[in-house]
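Undergrad: Just so we're aligned: the sequence shown equals residues 341 to 520 in the working numbering.
C-beta atoms are modelled at their ideal positions from N, C-alpha and C, and glycine is treated no differently.
Note that this is a predicted model, so its numbers are computed, not measured.
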Amino acid sequence: MKATGIVRRVDDLGRIVIPKEIRRTLKIREGDPLEIYTEKDGGVIFRKYSPMSDLQDFAAQICESIGANTGRIAAVSDRDSIIALAGASKRELMDKPNSGALGKLMEERKNYRYTPGDALVRVSDSSDKYHLGVAAPILCQGDLMGCVMLLMDDSSAPMAESDQNLVRTVAGFLGKQMEC
Numbered sequence: 341m342k343a344t345g346i347v348r349r350v351d352d353l354g355r356i357v358i359p360k361e362i363r364r365t366l367k368i369r370e371g372d373p374l375e376i377y378t379e380k381d382g383g384v385i386f387r388k389y390s391p392m393s394d395l396q397d398f399a400a401q402i403c404e405s406i407g408a409n410t411g412r413i414a415a416v417s418d419r420d421s422i423i424a425l426a427g428a429s430k431r432e433l434m435d436k437p438n439s440g441a442l443g444k445l446m447e448e449r450k451n452y453r454y455t456p457g458d459a460l461v462r463v464s465d466s467s468d469k470y471h472l473g474v475a476a477p478i479l480c481q482g483d484l485m486g487c488v489m490l491l492m493d494d495s496s497a498p499m500a501e502s503d504q505n506l507v508r509t510v511a512g513f514l515g516k517q518m519e520c
């Protein structure tokens, strides 16, 4: 555990304010769920909770299937990073923060399809190699959970409407799985 040097008091309702600097660094937004852990020595750990993490193994299997059947790079992201990937180097993209452009696109809750001449939407600021081909938001009871994507690199063939329909279908399915 890393000390921050910041001390906060518990108020009369049992609340603690997480400092703005820490929220910004960890990309904790208003309304984000936090998981609370306790340690044997009395320590308390708050960890950002991703409902998508419950579906991570399932999402990985879906990505493997999409990749094997389409020859495309398939990925599933929660609101912060890619949690499942097939067809590309996991070291380059897995668990890397989503790019600002991808985050903005997800917040719009619209389907996306790249057409030649459009500005490239990078998946992660840590990699210039991959950009979005098609993407569809994963929504659960109206809340944004993440997105399903097919990625492109410089050698990728253009995305077709069928590719867009595929990610839209998978995103809808994952959203329904989270309702159970």
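1) Taking Cβ positions, are Y452 and M492 nearer each other than 8 angstroms?
2) For L395 versus Q517, is the C-beta distance shorter than 8 angstroms?
3) The alpha helix (DSSP H) spanning D483 covers which residue range?
4) In three-state terms, what does DSSP make of D387?
5) Looking at the structure shown, is G515 part of a helix, part of a strand, or coil, going by DSSP?
6) So, do the segment 464 to 480 and the segment 427 to 445 have three or more beta carbon pairs nearer to each other than 8 angstroms?
7) Using the beta-carbon count (16 or more within 10 Å), is I406 buried or exposed?
8) Return the Cβ separation of L472 and V488 in integer angstroms, given the expectation that the two are a contact with Cβ distance under 8 angstroms.
9) Return the chain-ordered list of same chain residues with a C-beta closer than 8 angstroms to the C-beta of K450, the five sequence neighbours on each side being excluded.
TA: Taking the definition as stated:
1) no
2) Cβ atoms of L395 and Q517: closer than 8 angstroms.
3) Segment D483 to M492 is the beta strand (DSSP E) holding D483; no alpha helix (DSSP H) there.
4) Per the sequence shown, the amino acid found at residue 387 is Arg instead of Asp. Of the three classes helix, strand and coil, the one that applies to R387 here is strand, per DSSP.
5) helix
6) yes
7) buried
8) Contact flag wrong, Cβ pair sits at about 11 angstroms.
9) Taking C-beta separations shorter than 8 angstroms and ignoring five residues to either side along the sequence, the partners of K450 in its chain run P477, following chain order.
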